[in-house]
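Asker:
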Amino acid sequence: MARKKNNRDRDRDRDRDRNSGPSNLRQRKRYCFFCKENIDIIDYKNTGMLERHISDRGKIRPRRSSGNCVQHQRKVATAIKRARVMALIPYYKR
1 MARKKNNRDR DRDRDRDRNS GPSNLRQRKR YCFFCKENID IIDYKNTGML
51 ERHISDRGKI RPRRSSGNCV QHQRKVATAI KRARVMALIP YYKR
């Protein structure tokens with residue numbers, strides 16, 4: 001025999017439905033650009049490549065949005081910081 005739902009059960013079901021969202025709109029997994037292209041050395045002088053990993057405000061994009069692996073994200077961040085010190089890339093954009 002089915003149990004009668006109380007208010008707590010109804011609230012939990014409603015929250016589960018609200019937070020789940022459409023399942024067919026899942027974002028596909030992003031792969032590391034450097035691993036895919038077999039790039040080992042990330043040079044701070046290659047500003048065109050580094051610009052892809054900087055937001056429009058001049059911040060370094062996080063790993064979750066750029067799709068880089070841990071090792072390459074660390075190298076990219078170091079290269080961007082070196083390029084900023086050498087005045088190849090601005091610290092911030094207006």
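Just so we're aligned, residue 1 is where the sequence shown starts under the working numbering, counting upward by one. Using N, Cα and C, we set each Cβ at its ideal position, and we do this for glycine too.
Would you give the residue range spanned by the alpha helix (DSSP H) that R82 belongs to?
Answerer: Here residue 82 refers to the residue found at position 82 of the sequence shown. Start and end: V70 to V85.
Asker: Roughly how many angstroms lie between the CA atoms of T47 and I89, to the nearest whole one?
Answerer: As a position in the sequence shown, residue 47 is number 47, starting the count at 1. As a position in the sequence shown, residue 89 is number 89, starting the count at 1. Whole-angstrom Cα-Cα distance: 7 Å.
Asker: Taking 8 Å as the threshold (C-beta atoms), are A79 and D56 in contact?
Answerer: Stepping through the sequence shown from its first residue, residue 56 is reached at position 56. Stepping through the sequence shown from its first residue, residue 79 is reached at position 79. The answer is no: Cβ separation not under 8 Å.
Asker: Which residue from Q73, A83, R61 and G58 puts its Cα closest to that of C32?
Answerer: Reading the sequence shown from its first residue, position 32 is the one you call residue 32. The option with the nearest alpha carbon to C32 is Q73.
Asker: May I ask you to list the residues that DSSP assigns as paired with I41?
Answerer: Counting from one through the sequence shown, the residue named residue 41 turns up at place 41. DSSP output for I41 lists no bridge partner at all.
Asker: Using alpha carbons as the reference points, say which of R28, K59, R63 and C69 lies closest to R94.
Answerer: Stepping through the sequence shown from its first residue, residue 94 is reached at position 94. Answer by Cα proximity: K59.
Asker: Can you tell me where the alpha helix (DSSP H) holding G48 begins and where it ends?
Answerer: One-based indexing of the sequence shown puts residue 48 at position 48. Element bounds for G48: T47 to E51.
Asker: Measure from the alpha carbon of A83 to the alpha carbon of each residue in C35, M49 and N68, then state which is nearest.
Answerer: Indexing the sequence shown from 1 puts residue 83 at position 83. Answer by Cα proximity: M49.
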